[in-house]
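**Student:** First to last, the protein sequences are chains E and C.
For the first sequence, my numbering assigns the number 1 to the initial residue and increments by one for each residue that follows.
For the second sequence, my numbering assigns the number 1 to the initial residue and increments by one for each residue that follows.
Got a structure for you, written out below as C-alpha cells; questions coming shortly.
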Amino acid sequence: MNLVSSITSAVSGVSVGLTDILLVSPMIILFLFSLLPLTIKVLRGNKEQQPVATLMEALIGLALTATLLIIFSGSGSSEAGVPTAFNGQLIFDGLTMWMGLITVTIGAGAMIMMFENPSTRGPQFSELIFLTMNSLLGALVLISAVNLITVFIGLELMSLSLYLMIAMSHEQKISKEAAIKYFVLGSFASAIFLYGVSFIYGSTGTVSTLDLMKNAEVLLKNSNHLFLFGFLFVVLGFCFKVSIAPFHAWTPDVYQGAATPVTSFMATAIKTASFAAFLRIIASKGLIGSENLFSILQWLAVITMTVGNVAALVQNNFKRTLAYSSIAHSGYVLIGVIAVGISQSSAFAAAGVVFYLLTYSLMTMGAFAVLSMIEKNENNFVQIDELAGLAKQKPGLALCLSIFLLSLAGLPPALGFFGKLYLFSAAVNEGLLWLVLWGVINSVLGAYYYLRPIVMMYMRDGSCNTSESGSFATTCMVVVSAILIVVLGLTSGPLFSMIELSLG
Amino acid sequence: MLLSVLIFLPVLFSVMIVLWPQKSSVRHLALGFSLIEFLVSLVLLQRFDPSSAALQMAEKTTWIERFGVSYFLGIDGVSLMLVMLTTFLTPIVILASWKSIDEKIKGFHAALFILQTAMLGSFLAMDAILFYVFWELSLVPMYFIIGIWGGSRKIYATIKFFIYTMAGSLLMLLAIIFMINLTPEVTGGAMSASLLDFYKLKIPFIAGDFFTTQTLLFFAFALAFAIKVPMFPLHTWLPDAHVEAPTPGSVILAGVMLKMGTYGFLRWVIPLFPDATEHYAWVFIAAGIIGIVYGALVAMVQPDVKKLVAYSSVSHMGYIVVGLFTMNAYGLNGALYQMLNHGISTGALFILIGMLYERTHSREISKYGGLASALPLYTIAFIIVTMSSIAVPLTNGFIGEFLILLGAYQYAPAVAAISVSGVVLGAAYMLWMVKKVFFGPKGELVRAHPLQDLNIRELAVLAPMLIMIFWMGLFPGHFMSFSTTSIDHLIKNKHNYSLAVVSTSMKSLEK
C-alpha cells in the first residue's frame, strides 16, 4: 500500500484519483487484453489467428492481472486502512486478493481446456476467450464490490458473458437449452436480488454494504421487516448463483449442457466469485444476532449437502455427477459462510472458506479437465461406465483423476481433506457442531460416488482413452493440479496462516 | 530420526518400484526392500528400552501451526510389537504372493509399500491429525489391492470395506476437531492436536447421561475403532473383504489392519476417556462375547475355507475386545499378546489357504478330503497353525487366550464362562474343517489334480511363522517384556494418564 499512497501524494489533484486507477488496474488490464484477440481477428478480415496465439495473449493478460492484484490489493493492516476505489464502491482487501487470484488462476485453467476441447475450439475461439475474460472481469468486480449496485453490475457482467459462452457451442442443441434455462432462471434470481436491494435502500437509505451494516444492528433489533425481507432476497439471489438447494435445480442441466471447459469455469471460478460476494455481505458484524437468518441458512446448508450427495449417488453421467458434487460442496462452503457470519472475529472462519474454495476449485477443475480430454467430439457425453480401462491406456491420467476424486471425497493427505479440516474446525469453533455432523455424514455419502469412476478405471476392463487430437496443454494442467493437490495438502499450514493474516 | 526413516522408507521403495525398468525382477526388488525395512525395525527393537513406560525416540516438528498440529512420532511398549508385526509380515506376504499375483506386479508392490507406510504411521503417530492422515491413507492402497487383484465380487467387497471404515473414521475426525478446540484450556491459549495434550484434558463425564461430552467423544472414537476391529455387529464388511481379497491382502488385513482398531482402543479410547470406558465397558464386553460365539457359530457352517477363517477372525477379535475392556493387567497384556498371535496364526492360515487355492483353484471344503497323503508337509504346517489358532498349549494362541480369560474372570466370572465356550467352538470348527479337508476319503479335487507338496519358496514363507508360533508359545516373556511396563503404567494411571517423552533432541520438544 505504501507504493500506492506515495504515488498518489506525488500526483495529487486528479479528479478520479490515481489511487483508484491503480487499484482497478487489474481489471483494466484484463479488459484490454480481452479485446486483443478480437481486434486482431477484425484486422485480419474476420479470420481466426492461430489459437495458440489467442491463448497466449489471454494467459499473459491473466498473469498481469494476477500480478497487479497482488501488488495493489491485500492486507488492510496498513495505517491507511483498507484501500477502496471510486468512493467506496470497490474494496481491495485480502479477500479480494485471494478470491481474485483463485478466480483468475482457475480462469486460466478453463481457457487451456477450451483451447483443446472439441466443442470449444474452432472458428469462434477468439470470441469465446473474449467472453471468458469479460466474465472474469465481472467476477473481479463482484468480488471487490462493497456497494449493492456495483455488486449487481459485477454479477450481470459475469453472468451475461456466461450465458453467451454456454450457448456458443455450435453443435449441441442441449447447450442452447442450457443457455436459455440458465438465462431465464438467472434473470429471475437477479430480479429477486435487485428487489431485495430496493427494500434495503428503502429501509436504510444506502446501498453501500459498509454503511448499511452500521444501521443493521438497530434495524435488526427493531425487527424491521422491510430490511429483513430485503436482506433475505439478496441472500437468496446469491444462493441461486452458488446453487444452494432448493435453488439448485438449474445446475445439473446447465452443467451438462454447457461445453465441459465452460462447465468447469462455472463450477469453480463463478462459484468462487459469487461466494466472495456472499461472504462480504454475511461477514459484516452487524448481522450477529439475527438468529432467524442464520437458522434459515443452516437448514439450507443441510438440504444442499444432502440433496447434492444423494442425487449424485444415482447419476450415470460423469458430468452430472460432478454437477451434483458441486452442489454438495456449496453446502460445505455454506457451513463456513455461516461460521463467518456468527463469528465475532471472522478472519479464522473466512480463511477456512477461502481455503476451501481454493481446494474445491483446484480439484473440480482437475476432474473436469480429465473429462474434457476424454470427450471425443461435440456430442460426446461421457458416462461413468465409459471410463472403464482408462488406467490401462493412460495410467498417469487415471492416477491424476483418482487424486482429484479422492481429494473431493476428503481423503488425507490430499488437499481436500485439509480444506474440510479447516472449514469444519472453524465451524466447530463457533459451536456449529450439529451442522458439521451433517457435513461429516454427507462426506461418507460422497465417498461412494467419488469411488465409482475409480472402480471403473482400475477394476473393469475397457478401452477408454483420450481423444486422438492433441491434448498437451490440458495434460500439463492436469498434472500440475494433481501435484499441487498433494504438495499443497502437506504444506497447507503456512498457506492457511497467510490467508488468515491477510484477512485479519 | 529412526521412526521417520522407518515410516517413510517404504514410500521411497514404492516410488523406486514404479520407476524400476525391469519387470521380471520387481518381486526380488520388493522382497529385498521389505527385508531392509525389517532390519531397520530390528534396530528399533534393539534401541528400545523396555524398562521405561515413556514415549521413546520421539520426534516433533510443527506442521500446521494454526491448529497446533505437529509431526509428532513416538514409540512405547504398546506400539512396538505391532510395528514389529507389520515389518515382519510384509516380506512374508511378498514372498507368498510370488505366484498368485501375476498381473500389474509393479502396482501391487507399490500399493503394498504405501500400505506399510500408512500402517506404521498409524502405530507411531502421537498427533491426532497425523494419526488420522495415516489411518485414512491406509484405506486407499487396501481399496486398490482388493479391487484390482481380488476375486469375483471384488468391487462390492472393496467399496463396502472403504465406506464402512470411512463412515466410522469421519465421526472420529469430528471428535478430534472438537478436542482440538478444547485444548486451549490445558495449553494456555494455543490449540494443540498432540495426543499428550489430549491426555491432559479433563473431559466432563456424568454417569448415566448419554449426552455428556466425554460419552459422546468416547463413542465417536470407539465407533471408528470398533468398525475397524471389527466388533459384532459392525463386522459384516470383513467376511466380504477377506473372501474377495487376494491372499496378501487378506494377510495384511487380518494381520495388521484389524489391529489398528484394537490399538486405537488401547492408545486413544481407554486413556482419553477413562470414565466413559469404565462405565460403558459392559457394552463392549457384551459385543465382544457375542462376537466370539457368533463368529464361531457362523464359521462352523461355512462351505468356503477362507470364509471360515474370516469368521474365525471375528471370533478371535472378540477375545481381544473383551481383554481390552476388562481393564486389568491380565486382560490388557493378553489382548496385546493376542493381537500378535492373531496376526501370525490367521496370517499363516490365509497364506496356507492361498497356497491350496493356487494348486486347485477352489476353496470349497466339500471338494477336498484325504489331502494329508497327497501333501504331507503342507498338512503338517496347516495343523500346527490350526493348533495355534485354537489355542493349544505350547503354541502362542494359548498364552493370549489364557490371559484374556484370566482377565475376564477377574472382571466377572460369567464373562469368562461364556468366552470359554468360544475356545470349544473354535476347536470344533477348525478341527472339523481339518478333518474334512485333510483326512478321510480323497475328494474330487485331490483325485483330479496331480498335487505338488510345498516347494522351497513356500517353506521359506511358512518357516518364520511356524517358528514364531512356538517361540511365542514357549517363551512369552521374550515378547511380553517389551510391553508390560507400558501396560502397567496405563492401568495404574488410567484416570490421569500421561506419557513422559524421551527423545534424542529434547530441546525441540520443550518449545
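Every residue, glycine too, gets a C-beta built ideally from N, C-alpha and C.
Keep in mind the model is a prediction, meaning the values are calculated, not measured.
Which same chain residues end up closer than 7 angstroms to residue 120 of chain C when comparing Cβ atoms and leaving out the 5 residues on each side of it in sequence?
**Tutor:** The beta carbon of residue 120 of chain C is closer than 7 angstroms to those of 6, 7, 83 and 86 in its chain, skipping five residues each way along the sequence.
**Student:** Are the region 167–174 of chain C and the region 140–157 of chain C touching, with three or more C-beta to C-beta distances below 8 angstroms?
**Tutor:** Touching, no, given that fewer than three Cβ pairs across the two stretches are closer than 8 angstroms.
**Student:** What distance in whole Å lies between the Cβ atoms of residue 110 of chain E and residue 264 of chain E, which are believed to be in contact at a cut-off of 8 angstroms?
**Tutor:** 6 angstroms
**Student:** Relative to chain C, which residues along the region 457–491 of chain E have a C-beta separation below 7 angstroms, given in chain order?
**Tutor:** 458 and 459
**Student:** In the DSSP output, what is residue 62 of chain C paired with across the bridge?
**Tutor:** C:70
**Student:** Assuming residue 338 of chain C is part of the alpha helix (DSSP H), what are its boundary residues?
**Tutor:** 329–360
**Student:** Spatial neighbours of residue 357 of chain C within its chain, please: C-beta separation below 7 angstroms, excluding the five flanking residues on both sides.
**Tutor:** 363
**Student:** Using the rule of at least 16 other Cβ atoms within 10 Å of the residue's Cβ for burial, across every protein chain shown, is residue 475 of chain C buried or exposed?
**Tutor:** So residue 475 of chain C ends up on the exposed side.
**Student:** So with CB distances below 7 angstroms, who are the chain E contacts of residue 166 of chain C?
**Tutor:** 444 and 447
**Student:** Below 9 angstroms between beta carbons is the criterion; list the residues of the region 304–333 of chain E that meet it against any residue of chain C, in chain order.
**Tutor:** none
**Student:** Do residue 94 of chain E and residue 502 of chain E have their beta-carbon atoms positioned less than 8 angstroms apart in this structure?
**Tutor:** yes
**Student:** Would DSSP call residue 84 of chain E helix, strand or coil?
**Tutor:** strand
**Student:** Grab me the residues of residue 102 of chain E's own chain with a C-beta within less than 7 angstroms of its C-beta, minus the 5 sequence neighbours each way, in chain order.
**Tutor:** If the five residues before and after residue 102 of chain E are omitted, its C-beta is found closer than 7 angstroms to the C-beta atoms of 272, 357, 358 and 361, all from its own chain and listed in chain order.
**Student:** Which residue wins for smallest C-alpha separation from residue 365 of chain E, given the options E:48, E:112, E:279 and E:393?
**Tutor:** E:112
**Student:** Relative to the C-alpha of residue 329 of chain E, which candidate in E:440, E:134 and E:489 has its C-alpha closest?
**Tutor:** E:440
**Student:** Thinking just about the alpha-carbon of each residue, which of E:179, E:490, E:374 and E:274 is nearest to the one in residue 319 of chain E?
**Tutor:** E:374
**Student:** For residue 62 of chain C, is the classification buried or exposed, using 16 other Cβ atoms within 10 angstroms of its Cβ as the cut-off for buried?
**Tutor:** exposed
**Student:** Any idea what DSSP makes of residue 127 of chain C, helix, strand or coil?
**Tutor:** Of the three classes helix, strand and coil, the one that applies to residue 127 of chain C here is strand, per DSSP.
**Student:** What is the residue span of the alpha helix (DSSP H) that residue 345 of chain E lies within?
**Tutor:** Where residue 345 of chain E is concerned, there is no enclosing alpha helix (DSSP H), given that its DSSP letter is neither H nor E.
**Student:** Is it buried or exposed for residue 292 of chain E, if we count other Cβ within 10 angstroms and need 16 for buried?
**Tutor:** By the neighbour-count rule (16 or more Cβ atoms within 10 Å), residue 292 of chain E is not buried but exposed.
**Student:** So residue 237 of chain E and residue 193 of chain E are supposed to be a Cβ contact under 8 angstroms. How far apart are they, rounded?
**Tutor:** Rounded, the Cβ-Cβ distance is 3 angstroms, consistent with contact.
**Student:** Using 10 angstroms around the beta-carbon of residue 394 of chain E, count the other beta-carbons present and answer buried if the total reaches 16, otherwise exposed.
**Tutor:** buried
**Student:** Can the beta-carbon of residue 291 of chain C be found closer than 8 angstroms to that of residue 309 of chain C?
**Tutor:** no
**Student:** Counting contacts by CB-CB distance shorter than 8 angstroms, is residue 57 of chain E in contact with chain C?
**Tutor:** Put simply, the CB of residue 57 of chain E is far from chain C, with every gap to its CB atoms at 8 angstroms or more.
**Student:** Between the region 64–81 of chain C and chain E, which residues of the former have CB atoms less than 9 angstroms from a CB of the latter, in chain order?
**Tutor:** 64, 65, 66, 67 and 69
**Student:** Strictly under 8 angstroms for the Cβ-Cβ distance: is residue 77 of chain E near chain C by that measure?
**Tutor:** Here residue 77 of chain E scores only 48 on pLDDT, less than 50, and its place in the model is too uncertain to base an answer on.
**Student:** Based on the DSSP output, what are the partners of residue 317 of chain E in its beta bridges?
**Tutor:** DSSP links residue 317 of chain E through a beta bridge to E:383.
**Student:** Between the region 332–365 of chain E and chain B, which residues of the former have a C-beta closer than 7 angstroms to a C-beta of the latter?
**Tutor:** Here the protein chains are E and C, and chain B is not one of them.
**Student:** If you follow the alpha helix (DSSP H) that residue 474 of chain E is part of, which residue opens it and which one closes it?
**Tutor:** 472–490
**Student:** Which two residues bound the contiguous alpha helix (DSSP H) that contains residue 142 of chain E?
**Tutor:** 125–144 is the extent of the alpha helix (DSSP H) around residue 142 of chain E.
**Student:** Quick one: what does DSSP say residue 55 of chain C is sitting in, helix, strand or coil?
**Tutor:** strand
**Student:** Inspect the beta-carbon positions of residue 166 of chain E and residue 257 of chain E and report whether they are closer than 8 angstroms.
**Tutor:** In this structure, residue 166 of chain E places its C-beta atom within 8 angstroms of the C-beta atom of residue 257 of chain E.
**Student:** Do you know how far the Cα of residue 434 of chain C is from the Cα of residue 374 of chain C?
**Tutor:** 14 angstroms
**Student:** Can you tell me whether residue 194 of chain C is helix, strand or coil according to DSSP?
**Tutor:** strand
**Student:** Quick check: what's the CA-CA separation for residue 395 of chain C versus residue 470 of chain C?
**Tutor:** 5 angstroms
**Student:** Using DSSP with H/G/I as helix, E/B as strand and the rest coil, what is residue 15 of chain C?
**Tutor:** helix
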